[in-house]
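Participant: I have a structure I would like to understand better, so I am pasting it below and will then ask my questions one at a time.
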Amino acid sequence: MSVPATAEGALLRHAANASRVDIARLAPPGALLVVVPHPDDETFGCGMALAAAGDSRRRIVVALLTDGEGSHPTSRLFPRDSLVDLRAREFAEALRILVPDQQVSVERLHLPDGSSRIDTGTLDSLTALARQHDVRAIWATWALDPHCDHEVAGDLAAEVARRLDIPSWSFPVWGRFGERGLPERMVTFADPDMNMRKRAAMAVYASQTTALIDDDPNGFIMPPALLDHFATHPEIFIRG
Numbered sequence: 000m001s002v003p004a005t006a007e008g009a010l011l012r013h014a015a016n017a018s019r020v021d022i023a024r025l026a027p028p029g030a031l032l033v034v035v036p037h038p039d040d041e042t043f044g045c046g047m048a049l050a051a052a053g054d055s056r057r058r059i060v061v062a063l064l065t066d067g068e069g070s071h072p073t074s075r076l077f078p079r080d081s082l083v084d085l086r087a088r089e090f091a092e093a094l095r096i097l098v099p100d101q102q103v104s105v106e107r108l109h110l111p112d113g114s115s116r117i118d119t120g121t122l123d124s125l126t127a128l129a130r131q132h133d134v135r136a137i138w139a140t141w142a143l144d145p146h147c148d149h150e151v152a153g154d155l156a157a158e159v160a161r162r163l164d165i166p167s168w169s170f171p172v173w174g175r176f177g178e179r180g181l182p183e184r185m186v187t188f189a190d191p192d193m194n195m196r197k198r199a200a201m202a203v204y205a206s207q208t209t210a211l212i213d214d215d216p217n218g219f220i221m222p223p224a225l226l227d228h229f230a231t232h233p234e235i236f237i238r239g
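Read left to right, the sequence shown gives residues 0 to 239 (numbering that gives the first Met the number 0).
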C-alpha cells in the first residue's frame with residue numbers, strides 16, 4: 000500500500016456534508032466490539048468515538064488482528080519480537096488514555112501482518128467473543144480500505160454482525176484518501192473533549208509517527224499532513 004502525502008479524497012469531500020451523530024447512534028447501551036487490524040488503528044480511525052463510548056459506560060472489547068510486526072520488517076534495532084513488544088506497549092497505553100475508567104478487554108488474534116486472511120476458525124472465534132460479551136454493536140476498519148488487513152477486519156466484523164443480527168459500523172482509515180466510490184450511509188462524529196484524548200493517544204505511537212525506528216528505509220512513518228488530519232478531522236463512520 001502506498002501512503003498518501005496529503006489528506007485529500009472523495010470520502011473526505013463527501014464527509015463535509017454528512018450528518019453529525021452522537022455516540023448513542025454508533026454504540027447502543029451494552030458492550031461494543033471494535034475489530035482493528037493493527038495497534039494504532041483504534042486511535043487514528045475512531046479514537047474520539049471510542050473515548051466517548053467508554054465515557055458513556057459502554058463496555059469496550061477490542062479484537063486486535065495482528066501484532067503490527069510488518070511496519071518495520073528489516074529493522075535491526077527493533078527486530079520482530081522487540082517491535083511486537085513495543086507496539087503492544089503503545090497499544091495498551093493508548094487504550095488507557097482513551098478509556099481511562101475501565102479495563103478494556105483485548106483479544107489478540109496474532110494473524111500475520113500484511114497477509115491476514117479470513118478463515119472459519121477466526122470468524123468463529125470472533126463470533127464467540129461477541130456472544131461472550133453480549134456485544135450490541137461492532138466497529139471495524141472499512142472493507143474498502145486499500146490494505147488487506149483492513150479489508151479482513153471489515154469483512155470479519157460484517158459477518159459477525161450478520162450472524163448476531165446487530166449493527167455494524169466501518170471507519171475508513173486509508174480508504175478516506177484518494178478517489179473511489181462513495182458509500183450511501185456515511186456519518187461523522189466529533190467531540191472536542193474526546194479529541195484531547197485522541198491527540199494524547201496518537202502521541203503514544205512513536206514507532207509509527209516519529210523517527211524512533213530509523214534503520215529501516217522501508218519502514219512506515221505517518222506523514223505530517225496525515226497526522227494533522229487525523230488529529231483534527233471528524234471521524235467517519237459507514238453503516239454496514
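Note that CB positions come from ideal geometry on N, CA and C, so glycine has one too.
Note that this is a predicted model, so its numbers are computed, not measured.
(1) Within 10 Å of its beta-carbon, does S114 have 16 or more other beta-carbons around it, so buried, or fewer, so exposed?
(2) Please state the DSSP three-state secondary structure of M185.
(3) Apply the 10 Å Cβ neighbour rule to L76 and answer buried if 16 or more other Cβ atoms are within range, or exposed otherwise.
(4) Three-state secondary structure (DSSP) at R88?
(5) Using CA coordinates, which residue listed in D66, E178 and L94 is at the minimum distance from L82?
(6) Please go through the same chain and pick out, in chain order, the residues whose beta-carbon is closer than 8 Å to the beta-carbon of R56, but skip the five residues on each side of it.
(7) Looking at the structure shown, is P177 part of a helix, part of a strand, or coil, going by DSSP?
(8) Which residue wins for smallest C-alpha separation from L128, given the options A142, R107, D112 and P145?
(9) Where does V83 sit, in a helix, a strand or coil, going by DSSP?
(10) On the three-state DSSP scale, how would you describe H149?
(11) Can you name the residues that DSSP bridges to R12?
(12) Where F176 and A9 are concerned, what is the direct C-alpha to C-alpha distance, given to the nearest angstrom?
(13) Between the region 67–74 and the region 211–223, can you find at least three pairs of beta-carbon atoms closer than 8 Å?
Facilitator: To lay it out plainly:
(1) Here residue 114 refers to the residue found at position 115 of the sequence shown. Label assigned to S114: exposed.
(2) Here residue 185 is taken as the residue at index 186 of the sequence shown, counted from 1. It is a strand residue.
(3) Reading the sequence shown from its first residue, position 77 is the one you call residue 76. Classification of L76: exposed, given that the 10 Å Cβ count is below 16.
(4) The count along the sequence shown starts at 1 and reaches residue 88 at position 89. Here R88 sits in helix by DSSP.
(5) Here residue 82 refers to the residue found at position 83 when the sequence shown is read from its first residue. It is D66 whose Cα lies nearest to the Cα of L82.
(6) Locating residue 56 in the sequence shown gives position 57, where the first residue counts as 1. Within the same chain, R56 has close Cβ partners P28.
(7) For the purposes of this step, residue 177 is identified with residue 178 of the sequence shown, where counting begins at 1. The residue you asked about is not Pro; residue 177 is Gly in the sequence shown. In the three-state reduction of the DSSP assignment, G177 falls in the strand class.
(8) Translated into positions along the sequence shown, residue 128 becomes position 129. Closest option to L128, Cα to Cα, is R107.
(9) The residue given as residue 83 occupies position 84 in the sequence shown. Helix.
(10) On the sequence shown, residue 149 is found 150 positions in, with the first residue counted as 1. Annotated three-state conformation of H149 is helix, per DSSP.
(11) Taking the sequence shown and counting its residues from 1, one reaches residue 12 at position 13. In DSSP, R12 forms no bridge with anything.
(12) Translated into the one-based positions of the sequence shown, residue 176 becomes position 177. Translated into the one-based positions of the sequence shown, residue 9 becomes position 10. Each residue's Cα considered, the two are about 7 Å apart.
(13) Contact holds: three or more Cβ-Cβ distances are below 8 Å.
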